[in-house]
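S.K.: Going line by line, the protein sequences match chains A and B.
Oh and the first sequence: position 57 is 129 in my numbering, straight run, nothing missing.
Oh and the second sequence: position 113 is 124 in my numbering, straight run, nothing missing.
All C-beta atoms, glycine included, are put in the ideal place defined by N, C-alpha and C.
Here the structure is a predicted model, which is why all the values come from computation and not from measurement.
Sharing a structure below in structure tokens format, with a few things to ask.
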Amino acid sequence: AQKITQTQPGMFVQEKEAVTLDCTYDTSDQSYGLFWYKQPSSGEMIFLIYQGSYDEQNATEGRYSLNFQKARKSANLVISASQLGDSAMYFCAMRGTRGAQKLVFGQGTRLTINP
Amino acid sequence: EAGVVQSPRYKIIEKKQPVAFWCNPISGHNTLYWYLQNLGQGPELLIRYENEEAVDDSQLPKDRFSAERLKGVDSTLKIQPAELGDSAVYLCASSSGGPHGELFFGEGSRLTVL
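Below, the structure is given as structure tokens:
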């Protein structure tokens with residue numbers, strides 16, 4: 073079974089600063105995928121970034137990057153130059169090779185960007 | 012391209028009443044999911060469909076919840092009778108099983124049971 077842990081219930085950051093959202097995971101699968109989603113107050117879950125367990129380089133998508141440390145089983149999301157519109161809930165999720173299409177989510181981190 | 016469409020966005024009912032939620036996935040997406048999201052928590056899978064077949068419904072409380080995906084396109088999730096603890100957001104998602112297999116979510120249906 074897969075498990076995702078997000079230990080930061082809330083984060084407060086000044087606009088234009090970088091922020092790191094923590095995510096650790098547990099799985100017995102050798103091949104798996106890690107995802108980050110953003111959920112603004114509107115409720116829709118927005119896909120941000122993906123990291124495969126065999127990817128040698130950390131994933132990047134614009135201002136988002138994923139700090140993947142496989143030995144530590146961590147997949148932290150880094151947002152550079154934060155903006156007011158980044159205020160939202162952020163969820164880390166993973167999918168293993170078994171039950172391959174099922175995503176397991178963490179509890180989420182509420183990020184607030186202050187002007 | 013249209014995203015995942017869900018309705019209704021909000022529903023308020025009294026306990027013991029029935030309620031139904033509808034989801035239309037992204038065109039061409041064979042995999043459809045229903046997730047339950049309680050306040051302040053991450054989504055939890057209720058059921059997953061591959062085309063019209065329910066391939067994972069182990070977390071669906073079958074005594075009161077039912078779902079169907081006739082013709083392998085849109086889907087309906089029903090609760091009968093609703094209980095106070097069912098108050099939550101019901102999220103629908105779809106996937107094409109692409110390179111990363113990411114899920115695309117609708118805006119959710121927020122249920123309040125009084």
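#1: Closer than 8 Å is the cut-off here; do at least three beta carbon pairs connect the stretch 41-53 of chain B with the stretch 173-180 of chain A?
#2: Anything in chain A within Cβ reach of B/R75, meaning under 9 Å, just list it in chain order.
#3: By DSSP, does A/G105 sit in helix, in strand, or in coil?
#4: In chain order, what residues of the same chain have a beta carbon less than 6 Å from the beta carbon of A/D98, not counting five sequence neighbours either side?
#5: Taking DSSP's pairing of strands, which residues face A/Y162 in a bridge?
#6: I need the DSSP call for B/G83, collapsed to helix, strand or coil.
#7: Would you mind working out which of B/C34, B/W45, B/S86 and B/G119 sits nearest B/D67, comparing C-alpha positions?
#8: For B/L14, which three-state DSSP category applies?
#9: Using 8 Å for Cβ pairs, my map puts B/Q17 next to B/S120. What's the rounded Cβ distance?
#10: Say whether the stretch 78-92 of chain B touches the stretch 79-88 of chain A, bearing in mind that this needs 3 or more beta-carbon pairs closer than 8 Å, one atom from each stretch.
#11: Using a Cβ-Cβ cut-off of 6 Å (strictly less than) and excluding sequence neighbours within five positions of B/N35, which residues of its own chain qualify?
#12: Going along the chain, which residues of its own chain have a beta-carbon closer than 8 Å to the beta-carbon of A/A165, five neighbours each way excluded?
#13: Would you say B/P72 reaches chain A, if we count a Cβ-Cβ gap shorter than 7 Å as a contact?
#14: Return no unless some Cβ of chain A is closer than 7 Å to the Cβ of B/G39.
#15: Please confirm whether B/F116 has its beta-carbon closer than 7 Å to some beta-carbon of chain A.
#16: Considering only residues of the same chain and omitting the five flanking positions on each side of A/K88, which have a CB-CB separation below 7 Å?
#17: Can you list, in chain order, the residues of its chain whose CB lies under 6 Å from that of A/G168, leaving out five sequence neighbours each side?
#18: In three-state terms, what does DSSP make of B/D67?
#19: Below 8 Å on C-beta distance, what does A/M117 contact in chain B?
#20: Mark B/L114 as exposed unless 16 or more other C-beta atoms lie within 10 angstroms of its C-beta, in which case mark it buried.
#21: Beta-carbon within less than 6 Å of B/L56's beta-carbon, same chain only, minus the 5 sequence neighbours each way: which residues are those?
#22: Could you check whether the Cβ of A/Q179 sits closer than 7 Å to any Cβ belonging to chain B?
#23: Thinking just about the alpha-carbon of each residue, which of B/T42, B/Y21, B/N62 and B/E25 is nearest to the one in B/S105?
#24: DSSP has A/N148 in a bridge; who is on the other side?
M.R.: The answer reads as follows:
#1: Counting C-beta pairs closer than 8 Å gives three or more between the stretch 41-53 of chain B and the stretch 173-180 of chain A, which meets the contact rule.
#2: Along the second sequence, read from residue 1 onward, the residue named residue 75 of chain B stands at position 64. Per Cβ cutoff of 9 Å: no residues; B/R75 is ~22 Å from chain A at best.
#3: Stepping through the first sequence from its first residue, residue 105 of chain A is reached at position 33. If DSSP states are grouped into helix, strand and coil, A/G105 belongs with the strands.
#4: Here residue 98 of chain A refers to the residue found at position 26 when the first sequence is read from its first residue. Within the same chain, K75 come within 6 Å of A/D98 by CB-CB distance, once the 5 residues on both sides are set aside.
#5: In the first sequence, counting from the first residue as 1, residue 162 of chain A sits at position 90. For A/Y162, which the question treats as bridged, DSSP gives the partners A/K110 and A/T181.
#6: Mapped onto the second sequence, residue 83 of chain B falls at position 72. Three-state result, B/G83: helix.
#7: If you number the second sequence from 1, residue 67 of chain B lands on position 56. Out of B/C34, B/W45, B/S86 and B/G119, the CA that lies nearest to the CA of B/D67 is found in B/W45.
#8: Taking the first residue of the second sequence as 1, we reach residue 14 of chain B at position 3. Here residue 14 of chain B is Gly; the residue named in the question, Leu, does not match the sequence. Three-state result, B/G14: coil.
#9: Here the question's residue 17 of chain B lines up with position 6 in the second sequence. Here the question's residue 120 of chain B lines up with position 109 in the second sequence. Contact annotation, B/Q17 with B/S120: C-beta distance approximately 5 Å; criterion of less than 8 Å satisfied.
#10: The stretch 78-92 of chain B, when compared against the stretch 79-88 of chain A, does not touch it at the 8 Å Cβ threshold.
#11: The count along the second sequence starts at 1 and reaches residue 35 of chain B at position 24. Take B/N35, set aside five residues on each side of it, and the residues of its chain with a beta-carbon closer than 6 Å to its own are V16 and D85, in chain order.
#12: Taking the first residue of the first sequence as position 1, residue 165 of chain A is located at position 93. Contacts found: I76, L106, F107, W108, Y109, L175, V176, F177 and G178.
#13: Residue numbering aside, residue 72 of chain B sits at position 61 when the second sequence is read from its first letter. Taking Cβ atoms only, chain A never reaches closer than 7 Å to B/P72, which makes this a no.
#14: On the second sequence, residue 39 of chain B is found 28 positions in, with the first residue counted as 1. It does not: the Cβ of B/G39 has no partner Cβ on chain A nearer than 7 Å.
#15: As a position in the second sequence, residue 116 of chain B is number 105, starting the count at 1. At least one chain A Cβ lies under 7 Å of B/F116.
#16: Taking the first sequence and counting its residues from 1, the one referred to as residue 88 of chain A is at position 16. Apart from the 5 residues on each side of it in sequence, A/K88 sits with its Cβ closer than 7 Å to the Cβ of A153 and S154 in its chain, given in chain order.
#17: Taking the first residue of the first sequence as position 1, residue 168 of chain A is located at position 96. Closer than 6 Å at the Cβ level, and outside the excluded window around A/G168, lie Q74, T99, D101 and Y104.
#18: Taking the first residue of the second sequence as 1, we reach residue 67 of chain B at position 56. Strand.
#19: In the first sequence, counting from the first residue as 1, residue 117 of chain A sits at position 45. Near A/M117 (Cβ distances below 8 Å), the residues of chain B are P54, L102, A104, L114 and F116.
#20: Residue 114 of chain B sits at position 103 when you count from the first residue of the second sequence. Taking all protein chains in view, the Cβ of B/L114 is crowded by 16 or more other Cβ atoms within 10 Å, so the residue is classified as buried.
#21: Along the second sequence, one-based indexing puts residue 56 of chain B at 45. Within the same chain, Cβ atoms closer than 6 Å to the Cβ of B/L56 are found at Y46 and Q70, the five residues on either side in sequence being excluded.
#22: Stepping through the first sequence from its first residue, residue 179 of chain A is reached at position 107. With 7 Å as the cut-off, A/Q179 counts as an interface residue toward chain B.
#23: Translated into the one-based positions of the second sequence, residue 105 of chain B becomes position 94. For B/S105, the nearest C-alpha among the options comes from B/T42.
#24: Stepping through the first sequence from its first residue, residue 148 of chain A is reached at position 76. DSSP, once it has assigned bridges, lists A/N139 as partnering A/N148.
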